[in-house]
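Numbered according to our numbering, the sequence shown spans residues 2 to 184.
Think of the CB as a built atom: it goes at the ideal place given N, C-alpha and C, for glycine as much as any other residue.
Have a look at the structure below, then the notes.
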Amino acid sequence: MNLGHTPLWCERLYKAKAAELILYGRALGLGASEAEDVLQETFVALLRLSEQPEQPERYCVRSYRNRALNYRRSFWRRVAREFESVRWFERTASESRAEQAAMRCLAGLPVPQREVIVLKIWHQYTFDEIGDLLGLSPNTAAGRYRYGLEKLRACLKGEHYERDEPMGDPVAFLDAAPPVGGT
């Protein structure tokens with residue numbers, strides 16, 4: 002297939018999801034360059050499809066996840082990833098202490114909890130969608146989310162932030178979600 006002509010659906014999908022997918026790759030334990038490599042491989046594969054998938058965004062995220070998990074399986078990549086784990090997020094000079102603490106706490110979560118939190122918050126997936134994507138029940142996804150948020154809350158509880166503006170409610174988005182189908 003000639004990759005010189007990019008289908009419009011694929012181009013729109015890349016613009017909409019690339020940054021989120023790189024973050025997702027980081028949540029799955031990839032380094033920054035590894036996450037970008039997997040993103041490249043994913044979109045090359047999408048461009049080779051003969052037609053647009055029925056649900057392009059879900060297909061893309063699932064394809065990215067499968068490639069990321071395959072990528073991680075290599076022993077040498079695992080060693081390199083462990084050395085890079087200190088720099089889970091790219092650091093910038095403008096990061097506040099609160100942002101650094103939140104990134105450190107998120108990076109310290111077990112991969113299954115971190116993965117669900119990233120899919121829920123940054124990708125705005127429902128627990129049904131997360132369960133479908135990861136091959137688990139929506140309640141298991143919700144449980145991982147809830148336990149991960151509890152660990153984040155505990156990790157951030159001891160942090161003292163220097164902020165110019167009042168904080169208001171403590172990190173409101175970290176409230177645990179009710180179980181799927183529950184009251």
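Check: Which of helix, strand or coil DSSP assigns to R13; Outcome: helix
Check: Proximity below 7 angstroms, CB of R147 to CB of P113; Outcome: no
Check: S64 (DSSP reduced to helix, strand or coil); Outcome: helix
Check: Residues near D129 by beta carbon distance below 6 angstroms, same chain, minus five either side; Outcome: P139
Check: Distance between beta carbons of Y65 and L22, contact taken as under 8 angstroms; Outcome: 5 angstroms
Check: Between the CA atoms of A28 and E163 - distance to the nearest angstrom; Outcome: The pLDDT assigned to E163 is 45, lower than 50, so where the model puts this residue is not dependable, and the model offers no usable value.
Check: The segment 68-75 in contact with the segment 32-44 per 3-pair CB rule at 8 angstroms; Outcome: yes
Check: Delimiting residues of the alpha helix (DSSP H) encompassing R105; Outcome: 98-108
Check: Distance CB(L150)-CB(C106) smaller than 7 angstroms; Outcome: no
Check: Where A155 falls, given that 16 or more other Cβ within 10 Å makes a residue buried; Outcome: exposed
Check: Same chain, Cβ closer than 7 angstroms to Y60, five either side skipped, listed in chain order; Outcome: P54
Check: Length of the line joining the Cα atoms of L135 and S97; Outcome: 33 angstroms
Check: Touching by the beta-carbon criterion (3+ pairs, under 8 angstroms), the segment 9-22 and the segment 41-58; Outcome: yes
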